[in-house]
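Below you'll find the structure, written out as structure tokens, and then a few comments.
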Amino acid sequence: MPRIPRVIASAASLGRRAQAVDLGFDQGAQAQARAIDEVGEAANALFEADEDALVSKGIQGASTELNDLRIAVGENPDIDAREGQFADGQREILSRHRETISTVRFQNSFDDRMFAISERTRLGVKEGVTRSRLDQIRANTLTSVAGLTTLAGEADSDDLRQEYLTQIDTALGGAVSSGALTATDRAQAEIRRDAELAAAQEVRDSQAVADDLEAQFPGDLAAQTKAARSQFSGSMEDLVVARLKDRNGIAVTAQRQARQAKFESVVNLALGGDYTRVEALKADLDVGQLSTVLGILDDKDRGKGPQADSEEYWDFYNGLSNPATAEEFRQKDLNLLAGKITPKQMSQLRDLQLEVDLLDVFPKKVDEALSIIKLDPSSTKKSKDKREQRQLFRRNVQAAKELAVQQKGSPLTGPEMDELLDVGITDHNKREGKFLGIFGPPQAPRFTIGPGEGVTAAARRASDGISADQWQQTIAELEASGNEDPTEAEIRQAYADLVSEGFEFR
Amino acid sequence: MGAILQGLAIGAPIASGIFQARAFELETKAVASAARFNAAIGLEEAQIEAARQRRIARRTLATGRVAVGASGVTFEGSPLAFAMDQAAELERNAVNVEIAGRNTAALDLARATNVRSAGRRRSGAALLSGLTESAFRGRALRIGRG
């Protein structure tokens, strides 16, 4: 019997299981988040790189400025102010460059990296200050040693000299201990000191020798120098001979000046009064002078006087004016012409001799000054008026120069001569009003010259610190008290009295 | 330029956190929906399978009774006990299939619930992470005068 096949359904399957991606899970959202994150990372990296570059730039700029500041501060002569000045500048520079960085984190990075640089620079300044202080101590020590050495050289007694030498040793020892001087510096200073002391000793010795020789051969320079040259050699010989010549020159000049003054007074007496030949013989004149005086008296007896256009005057004048013979005529004694030329001619020739003499001292400066006041010495125009003005200017300058040299104790330097000539020009312009304003506004004078006051007296007054106004007020006070014609000494004393009384000058 | 870069660097983590949170939310919803869907399908499949098992059981028991009747043996005593045991085993199979389907569906439903709460936490964490990163960068790159 056939079998009918039986069918049974297989296991049911309703389809695969669902997954998140089937029901709205979006991978894109996560990708977006990652992308944004990456953009943020990139922006952060770029920003940090930007800030880092600003930090580097700030460090470079600040370092350069700090270095410049260090150099500028090092040039400040006030050593004590240098560190404060650098600290102020350092603060300003660091602050300014720090502000170019916007974030605190990188500002801190700037601070960290700049700290070492600014500290090194600050220490450099400090080191410079220390070095400058040591240099200053060094300079002060060497200056004081030089001064003490001079004092030791000039000391009157050995005890005093020894005291100065002890002080020098103390100063040098202290400077070496503090590091201001090296041992080499000290040795060099001591060598200089010894050399100066030896030179000073040589000067003292030469003075003593010169004194002895003058005592041995009074008034005989030839014998004195011969003895000096036979006894000494080298620098000692030179010093002694130079000293003997100086002294002899001073003595001869004084004798000549005295003789000349006496001769001038006798000539004046012979020209003007009832001077007799007996008085002339008793006047102790030399032969030439006596002959001149007697000639004057003879001319007087014969009724003749000096001629205004005498041959002797013009010979002498031409001789002085000619550069070839100027030196020869400068050496001649003008007094021998007395009686043959007028007193005014005598004065002119004396000025001309002085004019030639002046050419030896700053000739160009004097000529420039003369040009400024329109008295150019090279001018070809012959004008008696100008020549007299030129002589007056030269005489005043010469007088002022001699006073200045006397006050200073040594020859004038170029700038000092300039100053003196400035005063002379101002003085000239004051007196010769017609020259005022021609060459622009007058320069401010070094000191004012009062009415009726010469440049020499004004220079003397100004050197005492008394103004022209104060001087005039003092004169007015003296006049008010009955002294109509006070001397310079009286005015000076009256000024001192007024000052001590508390007088209020205008 | 520097300010734009600075703004991007500080703002990007927040934006990234927001997008990340949104992505987690979408994923959570999708996973939960899939779990619920799978639970329903699993339960239905189990019921169908249990029904099929019972049909197989009925046919097996009928075949047995026919074979016993054809042999001349009465369907009482040991043959009956044997058939009863067989019927019980076959029913147990069907019930097991039903239980397995219910358990799987229950697990899927539980998964859907858990995934939802885990998704909320991940979204919150992403937002917090973005904020933290932005705050960190903001502090690191803050504009300063001191």
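Protein chains in written order, with our numbering: chain A, 1 to 506; chain B, 1001 to 1146.
For glycine and all other residues, C-beta sits at the position ideal for the given N, C-alpha and C.
Fill in: Residue of A/168, A/177, A/87, A/63 minimising C-alpha distance to residue 144 of chain A
Taking the first sequence and counting its residues from 1, the one referred to as residue 144 of chain A is at position 144. The residue from A/168, A/177, A/87, A/63 with its alpha-carbon nearest to that of residue 144 of chain A is A/168.
Item to complete: Label residue 314 of chain A either buried or exposed according to how many other C-beta atoms from any shown protein chain fall within 10 Å of its C-beta, with 16 as the threshold for buried.
Response: Along the first sequence, read from residue 1 onward, the residue named residue 314 of chain A stands at position 314. With fewer than 16 other Cβ atoms within 10 Å, it is exposed.
Discussion item. In whole angstroms, give me the CA-to-CA distance for residue 436 of chain A and residue 260 of chain A.
Written reply: Taking the first residue of the first sequence as position 1, residue 436 of chain A is located at position 436. Taking the first residue of the first sequence as position 1, residue 260 of chain A is located at position 260. Because the pLDDT of residue 436 of chain A is 38, which lies under 50, any placement of that residue in the model is unreliable, and the number read from its coordinates should be weighed accordingly. About 39 Å.
Item to complete: With a threshold of 16 other CB atoms inside 10 Å of the CB of residue 25 of chain A, please say whether the residue is buried or exposed.
Response: Locating residue 25 of chain A in the first sequence gives position 25, counting from the first residue. Residue environment analysis places residue 25 of chain A among the buried positions, since at least 16 neighbouring C-beta atoms fall within 10 angstroms of its C-beta.
Discussion item. Against chain A, with Cβ distances strictly below 7 Å, would residue 1062 of chain B count as a contact?
Written reply: As a working note, residue 1062 of chain B is residue 62 in the second sequence. Taking 7 Å as the threshold, the shortest C-beta distance from residue 1062 of chain B to chain A does not fall below it.
Item to complete: Could I get the ranges of all uninterrupted alpha helix (DSSP H) runs contained in the region 10-90 of chain A, with 4 residues as the minimum, in chain order?
Response: Listed in chain order, the complete alpha helix (DSSP H) runs (minimum 4 residues) inside the region 10-90 of chain A are 27-74.
Discussion item. Are the CB atoms of residue 334 of chain A and residue 326 of chain A within a distance shorter than 7 Å?
Written reply: Taking the first residue of the first sequence as position 1, residue 326 of chain A is located at position 326. Taking the first residue of the first sequence as position 1, residue 334 of chain A is located at position 334. No, the pair does not count as a contact, with Cβ atoms beyond the cut-off.
Worksheet item: Going by other Cβ atoms of all chains shown within 10 Å of its Cβ, with 16 needed for buried, is residue 461 of chain A buried or exposed?
Response: As a working mapping, residue 461 of chain A is identified with position 461 in the first sequence. Using a 10 angstroms sphere on the CB of residue 461 of chain A, the tally of other CB atoms reaches 16 or more, which defines it as buried.
Fill in: Residues in the region 35-49 of chain A having any Cβ partner in chain B nearer than 7 Å
Per Cβ criterion, the list reads 36, 37, 39, 40, 43, 44, 46, 47.
Fill in: Close-in-space but distant-in-sequence residues of the same chain around residue 107 of chain A (CB under 7 Å, 5 per side omitted)
The residue given as residue 107 of chain A occupies position 107 in the first sequence. Taking residue 107 of chain A as the centre and dropping the five residues before and after it, the same chain places the C-beta of 98, 101 closer than 7 Å to its C-beta, in chain order.
Practice prompt. Check residue 180 of chain A in the structure and name its three-state DSSP category.
Written response: Position 180 of the first sequence, counted from the first residue, corresponds to residue 180 of chain A. Three-state result, residue 180 of chain A: coil.
Practice prompt. Find the residues of chain B that neighbour residue 94 of chain A, judging by a C-beta separation of less than 8 Å, and give them in chain order.
Written response: For the purposes of this step, residue 94 of chain A is identified with residue 94 of the first sequence, where counting begins at 1. Chain B residues near residue 94 of chain A: none, gap ~13 Å exceeds 8 Å.
Discussion item. Counting only beta-carbon separations shorter than 7 Å, does residue 1053 of chain B have a partner in chain A?
Written reply: On the second sequence, position 53 is the one that residue 1053 of chain B refers to. No, because no Cβ of chain A sits closer than 7 Å to the Cβ of residue 1053 of chain B.
Worksheet entry | Neighbourhood of residue 1006 of chain B by C-beta, 8 Å cutoff - its chain only, sequence neighbours within 5 removed | Position 6 of the second sequence holds residue 1006 of chain B. Contacts found: 1141.
Worksheet item: Hey, out of A/28, A/228, A/16, A/90, whose CA is closest to residue 207 of chain A's CA?
Response: Locating residue 207 of chain A in the first sequence gives position 207, counting from the first residue. The shortest C-alpha to C-alpha distance from residue 207 of chain A to any of A/28, A/228, A/16, A/90 is the one to A/228.
Worksheet item: Are the CB atoms of residue 225 of chain A and residue 244 of chain A nearer to each other than 7 Å?
Response: Position 225 of the first sequence holds residue 225 of chain A. Position 244 of the first sequence holds residue 244 of chain A. In contact: residue 225 of chain A and residue 244 of chain A (Cβ atoms closer than 7 Å).
Discussion item. Quick check on residue 105 of chain A - is its C-beta less than 7 Å from some C-beta in chain B?
Written reply: Against the first sequence, residue 105 of chain A aligns to sequence position 105. Taking 7 Å as the threshold, the shortest C-beta distance from residue 105 of chain A to chain B falls below it.
Item to complete: Have a look at residue 440 of chain A and residue 80 of chain A and give me their C-alpha separation to the nearest angstrom.
Response: Stepping through the first sequence from its first residue, residue 440 of chain A is reached at position 440. Stepping through the first sequence from its first residue, residue 80 of chain A is reached at position 80. Annotation note: pLDDT 35 at residue 440 of chain A (below 50); position unreliable, coordinate value reported separately. Computed Cα separation, rounded: 46 Å.
Discussion item. If you measure between the beta carbons of residue 1017 of chain B and residue 1127 of chain B, is that distance less than 7 Å?
Written reply: Start at 1 with the first residue of the second sequence, and residue 1017 of chain B comes out as number 17. Start at 1 with the first residue of the second sequence, and residue 1127 of chain B comes out as number 127. Cβ atoms of residue 1017 of chain B and residue 1127 of chain B: closer than 7 Å.
Worksheet item: Within the present structure, is the beta-carbon of residue 329 of chain A separated from the nearest heavy atom of the ligand HEM by less than 6 Å?
Response: By its list of ligands, the structure shown contains no ligand whatsoever, and the ligand HEM lies outside what it can speak to.
Worksheet entry | For residue 292 of chain A and residue 338 of chain A, believed in contact at Cβ under 8 Å, the rounded distance | For the purposes of this step, residue 338 of chain A is taken as residue 338 along the first sequence, with counting starting at 1. For the purposes of this step, residue 292 of chain A is taken as residue 292 along the first sequence, with counting starting at 1. The C-beta separation of residue 338 of chain A from residue 292 of chain A comes to about 5 Å, placing the pair in contact by the 8 Å criterion.
Worksheet item: To the nearest angstrom, how far is it from the Cα of residue 32 of chain A to the Cα of residue 1022 of chain B?
Response: In the first sequence, residue 32 of chain A corresponds to position 32, counting from 1. In the second sequence, residue 1022 of chain B corresponds to position 22, counting from 1. Roughly 10 Å between the two C-alpha positions.
Practice prompt. Note down, in chain order, each residue of its chain lying with its Cβ closer than 7 Å to the Cβ of residue 1106 of chain B, except the 5 sequence neighbours on either side.
Written response: The sequence position of residue 1106 of chain B within the second sequence is 106, counting from 1. Within the same chain, no Cβ atom closer than 7 Å to the Cβ of residue 1106 of chain B is found once the five residues on either side in sequence are excluded.
Worksheet entry | Residue burial classification, residue 109 of chain A (beta-carbon count within 10 angstroms, cutoff 16) | Position 109 of the first sequence, counted from the first residue, corresponds to residue 109 of chain A. Of the residues assessed, residue 109 of chain A falls on the buried side of the cut-off, its CB having 16 or more other CB atoms within 10 angstroms.
Worksheet entry | Neighbour-count burial assignment, residue 191 of chain A, 16 or more Cβ in a 10 Å radius | As a working mapping, residue 191 of chain A is identified with position 191 in the first sequence. Label assigned to residue 191 of chain A: exposed.
Worksheet item: According to a CB-to-CB cut-off of less than 8 Å, which residues of the region 1074-1098 of chain B neighbour chain A?
Response: Identification of residues in the region 1074-1098 of chain B having a C-beta nearer than 8 Å to some C-beta of chain A yields an empty set.
Discussion item. Counting only C-beta atoms, is residue 1071 of chain B closer than 7 Å to chain A at any point?
Written reply: One-based indexing of the second sequence puts residue 1071 of chain B at position 71. Residue contact with chain A for residue 1071 of chain B: absent (no Cβ-Cβ distance below 7 Å to any residue of chain A).
Discussion item. According to DSSP, simplified to helix, strand and coil, what is residue 8 of chain A?
Written reply: The count along the first sequence starts at 1 and reaches residue 8 of chain A at position 8. In this structure, residue 8 of chain A counts as coil in the three-state DSSP scheme.
Fill in: Where residue 1080 of chain B falls, given that 16 or more other Cβ within 10 Å makes a residue buried
Position 80 of the second sequence, counted from the start, is the residue given in the question as residue 1080 of chain B. Counting other Cβ atoms within 10 Å of its Cβ, residue 1080 of chain B stays below 16 and is therefore classed as exposed.
Worksheet item: How about residue 1115 of chain B and residue 1032 of chain B: do their beta carbons lie closer than 7 Å?
Response: Taking the second sequence and counting its residues from 1, one reaches residue 1115 of chain B at position 115. Taking the second sequence and counting its residues from 1, one reaches residue 1032 of chain B at position 32. A contact, by the Cβ cut-off of 7 Å.
Practice prompt. Using three-state DSSP, classify residue 338 of chain A as helix, strand or coil.
Written response: Counting from 1 along the first sequence, the entry for residue 338 of chain A is found at position 338. DSSP places residue 338 of chain A in strand when its eight states are reduced to three.
Fill in: residue 1174 of chain B versus residue 1060 of chain B - alpha carbon distance
What the structure shows of chain B is the stretch from 1001 to 1146, and residue 1174 of chain B is not part of that stretch, so it cannot be assessed.
Worksheet item: Closest Cβ-Cβ distance between residue 1107 of chain B and chain A: below 7 Å?
Response: For the purposes of this step, residue 1107 of chain B is identified with residue 107 of the second sequence, where counting begins at 1. Chain A, which has no Cβ nearer than 7 Å to the Cβ of residue 1107 of chain B, makes this no.
Item to complete: Can you tell me which of the three DSSP states residue 103 of chain A falls into?
Response: Within the first sequence, the letter at position 103 stands for residue 103 of chain A. Shown here, residue 103 of chain A sits in a strand according to DSSP, grouped into three states.
Practice prompt. For the alpha helix (DSSP H) containing residue 1090 of chain B, list its first residue and its last residue.
Written response: On the second sequence, position 90 is the one that residue 1090 of chain B refers to. If you look at residue 1090 of chain B, you'll find it in the alpha helix (DSSP H) that goes 1078-1140.
Discussion item. Could you tell me the alpha carbon to alpha carbon distance between residue 18 of chain A and residue 1121 of chain B, rounded to whole angstroms?
Written reply: Counted from its first residue, the first sequence places residue 18 of chain A at position 18. Counted from its first residue, the second sequence places residue 1121 of chain B at position 121. In this structure, the alpha-carbon of residue 18 of chain A lies about 24 Å from that of residue 1121 of chain B.
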